[in-house]
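Counted the way the UniProt record's numbering counts, the sequence shown spans residues 1 to 447. A virtual CB, placed ideally from N, CA and C, is assigned to each residue, including glycine.
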Amino acid sequence: MSGHGDPVPMISHPVTGLTGVADVPGDKSISHRALILGALSVGETRVTGLLEGQDVLDTAKAMRAFGAEIEKRGDTWHVHGVGVGGFAEPDQVIDCGNSGTGVRLIMGCMATSPISATFTGDASLNKRPMARVTDPLALFGAQAVGRSGGRLPMTIVGAAEPVPVRYVVPMPSAQVKSAVLLAGLGAPGQTVVIEKEATRDHTERMLRGFGAELSVEDREEGRVITLTGQPELTAQDIAVPRDPSSAAFPVCAAIVTPGSDVLVPGIGLNPTRAGLFTTLREMGADLTYENEREEGGEPVADLRARYSPDMVGIDVPPERAASMIDEYPILSIVASTARGRTMMAGVKELRVKESDRIDAMATGLRANGVTVDEGEDWWAVDGLGPQGVPGGGTCATHLDHRIAMSFLILGMAAQAPVSVDDGGPISTSFPIFTDLMHALGARIEAV
Numbered sequence: 001m002s003g004h005g006d007p008v009p010m011i012s013h014p015v016t017g018l019t020g021v022a023d024v025p026g027d028k029s030i031s032h033r034a035l036i037l038g039a040l041s042v043g044e045t046r047v048t049g050l051l052e053g054q055d056v057l058d059t060a061k062a063m064r065a066f067g068a069e070i071e072k073r074g075d076t077w078h079v080h081g082v083g084v085g086g087f088a089e090p091d092q093v094i095d096c097g098n099s100g101t102g103v104r105l106i107m108g109c110m111a112t113s114p115i116s117a118t119f120t121g122d123a124s125l126n127k128r129p130m131a132r133v134t135d136p137l138a139l140f141g142a143q144a145v146g147r148s149g150g151r152l153p154m155t156i157v158g159a160a161e162p163v164p165v166r167y168v169v170p171m172p173s174a175q176v177k178s179a180v181l182l183a184g185l186g187a188p189g190q191t192v193v194i195e196k197e198a199t200r201d202h203t204e205r206m207l208r209g210f211g212a213e214l215s216v217e218d219r220e221e222g223r224v225i226t227l228t229g230q231p232e233l234t235a236q237d238i239a240v241p242r243d244p245s246s247a248a249f250p251v252c253a254a255i256v257t258p259g260s261d262v263l264v265p266g267i268g269l270n271p272t273r274a275g276l277f278t279t280l281r282e283m284g285a286d287l288t289y290e291n292e293r294e295e296g297g298e299p300v301a302d303l304r305a306r307y308s309p310d311m312v313g314i315d316v317p318p319e320r321a322a323s324m325i326d327e328y329p330i331l332s333i334v335a336s337t338a339r340g341r342t343m344m345a346g347v348k349e350l351r352v353k354e355s356d357r358i359d360a361m362a363t364g365l366r367a368n369g370v371t372v373d374e375g376e377d378w379w380a381v382d383g384l385g386p387q388g389v390p391g392g393g394t395c396a397t398h399l400d401h402r403i404a405m406s407f408l409i410l411g412m413a414a415q416a417p418v419s420v421d422d423g424g425p426i427s428t429s430f431p432i433f434t435d436l437m438h439a440l441g442a443r444i445e446a447v
């Protein structure tokens, strides 16, 4: 069952000639952070281009529960913040739906305030590990009380007298890093976060934009981020770039579907997020960047993707994983249509996403005639060449929006239609996915 209603079984049929312009929604990671930092600022933050998927709407609802005023007027979201340390204690449980990013960042931003809040989510989110965030938050003085194994529902008791911390992030996770930095806003002195592997840096960029004193240094021990706590953040105007993780779906659909030529404008190409596009080009994809520019401190370009029948499998460098961790499911679809084996290593983080994404994708690909090998920290797809995937299978999505969208893309390029048991979770991140793909020429139906 979907976390937001009854299951919505869907089927995607083989097509040719996807063409047109794919206007994808705003970046989800930046949308979450714009609402949260707007709520922690003084004054009115105005946000345009906000992704209005359920995940982000749940974060907006949570910020209201902590005392911020948030409303949409026209195409602009207005956030009247309460300032660092100004959160009120919510009188209701905070339901973060399907969003791991939302709940972990919100836990961080309230953990150094003398208030308590209880968090829950849908069936998928309530299975995901929270100790990776609550353990470092405990160093500030916060307490977490939840289910065994560190699962939601969970109550966070914020630190009455927070202390700054120095924390080495044990896994490449922008969510963990960001939760610690947001908690550091409420602690006196300097909070230091050390990453052994660089992850997406939207939090650092946006904190500086709102006026926080933050430095980043590359040292022998890793990437060292130093934040001075208890600043007065100043409201900003934020233009959210379009989401590279959402752009991945029309881009990859064009690459694997014969006769396709699709333009995806205004995509954020932050180097900590663009690993998929680099990988596709290395595999031989006809993917070009047009009109390269900068918007809101982030590099942006229009992506043109064309059908690419001569792609070959590659070994994706493990160090690239952090810059494309959400894109491995759709990459595996592309890999299934390439010639030879694509090896994806250093990806154990995929096993603790909205689902075990390695297992979900491997099982679904096998059901559609593709050979997949896997280990705890790697998986490999043996490509069948252009138009070589038999298809015809039904795939379990496990309440995971990216699994659902990936297999619907496979159906466009396979020899027979591909079905998913539940497309409902797609609305959490990409509510216009089906309409957008239909406009390009896809045939996706609810069944």
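Residue 243 counts as buried, since no fewer than 16 other beta carbons sit within 10 angstroms of its beta carbon.
Relative to residue 322, the option among 300, 274, 362 and 307 whose CA is nearest is 274.
Pairing residue 358 with residue 351 gives a Cβ-Cβ distance under 7 Å. One thing to note: residue 303 has its Cβ within 7 Å of the Cβ of residue 251.
The beta strand (DSSP E) runs of length 3 or more contained entirely in the segment 280-305 are, from start to end of the chain, 286-295. The way I'd put it, the segment 47-65 does touch the segment 22-32; three or more beta-carbon pairs between them come closer than 8 Å. Shown here, residue 30 sits in a helix according to DSSP, grouped into three states. For the pair residue 104 and residue 88, the Cα-to-Cα distance works out to about 18 Å.
Of the residues 290, 25, 216 and 308, the one whose Cα lies closest to the Cα of residue 282 is 308.
Across the set 286, 174, 354 and 249, the C-alpha of 249 shows the shortest separation from the C-alpha of residue 437. The DSSP-derived three-state label of residue 119 is strand. The beta carbon of residue 140 sits closer than 7 Å to the beta carbons of 111, 112, 159, 162, 163, 165, 183 and 187 from its chain, once the five residues preceding and following it are set aside; these are given in chain order. DSSP places residue 401 outside any beta strand (DSSP E); the residue lies instead in the alpha helix (DSSP H), whose first and last residues are 401-413. Restricting attention to 5, 6 and 11, the CA atom closest to the CA of residue 420 is found in 11. Following the DSSP letters along the chain, one finds residue 438 inside the alpha helix (DSSP H) bounded by residues 433-440. Shortest Cα-Cα distance from residue 261 to any of 241, 237 and 442 involves 442. In this structure, the CA atom of residue 235 is about 47 Å from the CA atom of residue 338.
In this structure, DSSP gives residue 222 an extended state, which the three-state scheme calls strand. Residue 399 is positioned such that its CB atom lies closer than 7 Å to that of residue 124. With a cutoff of 7 Å on beta-carbon distance, residue 204 and residue 222 are scored as not near each other. The DSSP-derived three-state label of residue 63 is helix.
Counting along the chain, residue 184 sits inside the alpha helix (DSSP H) bounded by residues 174-185. Of the candidates 279, 233 and 330, 279 places its Cα closest to the Cα of residue 287.
Between the beta-carbon of residue 381 and that of residue 416 there is about 19 Å, and that puts the pair past the 8 Å contact cut.
In the structure shown, residue 348 adopts helical secondary structure according to DSSP, grouped into three states. Residue 328 is a Cβ neighbour of residue 344, given a cutoff of 7 Å. Distance from the Cα of residue 394 is smallest, within the candidate group 363, 145 and 155, for 363. Selection 373, 413, 361 and 376 evaluated against residue 386 yields 413 as nearest (Cα-Cα).
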